[in-house]
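Colleague:
Residue numbers (the UniProt record's numbering): 1 to 259.
Structure below.
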């Protein structure tokens, strides 16, 4: 922790030195007193100590300057304060942030839960036996949404996959020339089947699957893979490049297959 937070006197000393640095060389002790919240007499005493310690140099009546040693001390304390602030925001407050999960069973507010990902969605299960846990802040029945906070551990997640399935464009036969049996096999093990164009929509329907989305297929595939989902994107050869460009831009690994 920063020395500036060690006690009230050190904290006030830090603030007075900051005010001097901000106002130098013409320093009004009354203005510093108003800003810091102490008396002018107290400011005078602090300035005298800062001069004696070599952190401030007196240059005349009501004229002061922070010395190199004073600047170094301010930088040191400011960096310590910043590290402490980062600890508070990242480690302390971060642990009380809330997220929403799907309850796998009845959960009561205040109950500890185990967190997991399934089909790209966060799930909460009563108990603390998993590698990632949290505390429910709301009641929830199985299958409903529950708010969770106080996260600990790491959620187990495998890397998702994206298969880009090319089908002929309509002028070359489109879905009529596509191997829809092979497409059905690809979709059978996928979490999401997406279509990037009309040929993709019709080919998926011929294979017995309704596309989850018919727009922004590349963006959706990248987002789904990022949370561990297996995705198939069906696109005509004219459209495949737009899909793969989006996946590359998102640093998403993919395979291309021709049906």
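Where a beta carbon is used, it is the ideal one built from N, C-alpha and C, also for glycine.
Rounded to whole angstroms, how far is the Cβ of residue 101 from the Cβ of residue 148, which I believe are closer than 8 Å?
Modeller: Your numbering for residue 101 matches position 101 in the chain shown. Your numbering for residue 148 matches position 148 in the chain shown. So it is a contact: roughly 5 Å between Cβ atoms.
Colleague: Alpha carbon to alpha carbon, what distance is there between residue 77 and residue 84?
Modeller: For the purposes of this step, residue 84 is identified with residue 84 of the chain shown, where counting begins at 1. For the purposes of this step, residue 77 is identified with residue 77 of the chain shown, where counting begins at 1. About 10 Å.
Colleague: Helix, strand or coil for residue 240, going by three-state DSSP, please let me know.
Modeller: One-based indexing of the chain shown puts residue 240 at position 240. Helix.
Colleague: Roughly how many whole angstroms lie between the Cα atoms of residue 252 and residue 162?
Modeller: As a first step, residue 252 must be located in the chain shown, where it is residue number 252. As a first step, residue 162 must be located in the chain shown, where it is residue number 162. Their Cα atoms are separated by approximately 8 Å.
Colleague: Measure from the alpha carbon of residue 50 to the alpha carbon of each residue in 64, 219 and 209, then state which is nearest.
Modeller: Mapped onto the chain shown, residue 50 falls at position 50. The option with the nearest alpha carbon to residue 50 is 64.
Colleague: For a quick check, are the C-beta atoms of residue 221 and residue 233 less than 9 Å apart?
Modeller: Locating residue 221 in the chain shown gives position 221, where the first residue counts as 1. Locating residue 233 in the chain shown gives position 233, where the first residue counts as 1. Yes, the pair counts as a contact, with Cβ atoms nearer than the cut-off.
Colleague: Would you call the CB atoms of residue 67 and residue 55 closer than 9 Å?
Modeller: As a working mapping, residue 67 is identified with position 67 in the chain shown. As a working mapping, residue 55 is identified with position 55 in the chain shown. Yes, the pair counts as a contact, with Cβ atoms nearer than the cut-off.
Colleague: I'd like the ranges of any alpha helix (DSSP H) spanning at least 4 consecutive residues and lying wholly in the UniProt domain "HTH crp-type" (19-68).
Modeller: Runs of the alpha helix (DSSP H) inside the UniProt domain "HTH crp-type" (19-68): 29-36 and 40-52.
Colleague: Helix, strand or coil: which one does DSSP assign to residue 202?
Modeller: Sequence index remark: in the chain shown, residue 202 carries index 202 (1-based). If DSSP states are grouped into helix, strand and coil, residue 202 belongs with the helices.
Colleague: On the criterion of 16 or more Cβ atoms from any shown chain inside 10 Å, does residue 16 qualify as buried, or is it exposed?
Modeller: Taking the first residue of the chain shown as 1, we reach residue 16 at position 16. Buried, by the Cβ-count rule.
Colleague: Anyone know if the C-beta pair for residue 117 and residue 227 falls short of 9 Å?
Modeller: Your numbering for residue 117 matches position 117 in the chain shown. Your numbering for residue 227 matches position 227 in the chain shown. Yes, Cβ-Cβ distance for residue 117 and residue 227 is below 9 Å.
Colleague: Alpha carbon to alpha carbon, how far is residue 30 from residue 7? Give it in angstroms, no decimals.
Modeller: For the purposes of this step, residue 7 is identified with residue 7 of the chain shown, where counting begins at 1. For the purposes of this step, residue 30 is identified with residue 30 of the chain shown, where counting begins at 1. About 23 Å.
Colleague: State the Cα-Cα distance for the pair residue 20 and residue 114, rounded to the nearest angstrom.
Modeller: Within the chain shown, the letter at position 20 stands for residue 20. Within the chain shown, the letter at position 114 stands for residue 114. Taking the straight line from one Cα to the other gives about 53 Å.
Colleague: Taking buried to mean at least 16 other C-beta atoms within 10 Å of its own C-beta, is residue 259 buried or exposed?
Modeller: As a first step, residue 259 must be located in the chain shown, where it is residue number 259. By the 10 Å Cβ count, residue 259 comes out buried.
Colleague: Does the distance from the CB of residue 180 to the CB of residue 206 come in under 9 Å?
Modeller: Residue 180 sits at position 180 when you count from the first residue of the chain shown. Residue 206 sits at position 206 when you count from the first residue of the chain shown. Yes; because the gap between Cβ atoms is below 9 Å, this pair is in contact.
Colleague: Got a sec? Which residues, its chain only, sit under 7 Å from residue 153 by beta carbon, not counting five neighbours each side?
Modeller: Residue 153 sits at position 153 when you count from the first residue of the chain shown. Cβ within range, chain order: 131, 132 and 133.
Colleague: Which residue or residues does DSSP assign as beta-bridge partners of residue 232?
Modeller: For this step, residue 232 is matched to residue 232 along the chain shown. Partner(s): 163 and 193.
Colleague: Assuming residue 43 and residue 33 are in contact, meaning their beta carbons sit under 8 Å apart, how far apart are those beta carbons, in whole angstroms?
Modeller: As a position in the chain shown, residue 43 is number 43, starting the count at 1. As a position in the chain shown, residue 33 is number 33, starting the count at 1. The Cβ separation is near 5 Å, so the contact holds.
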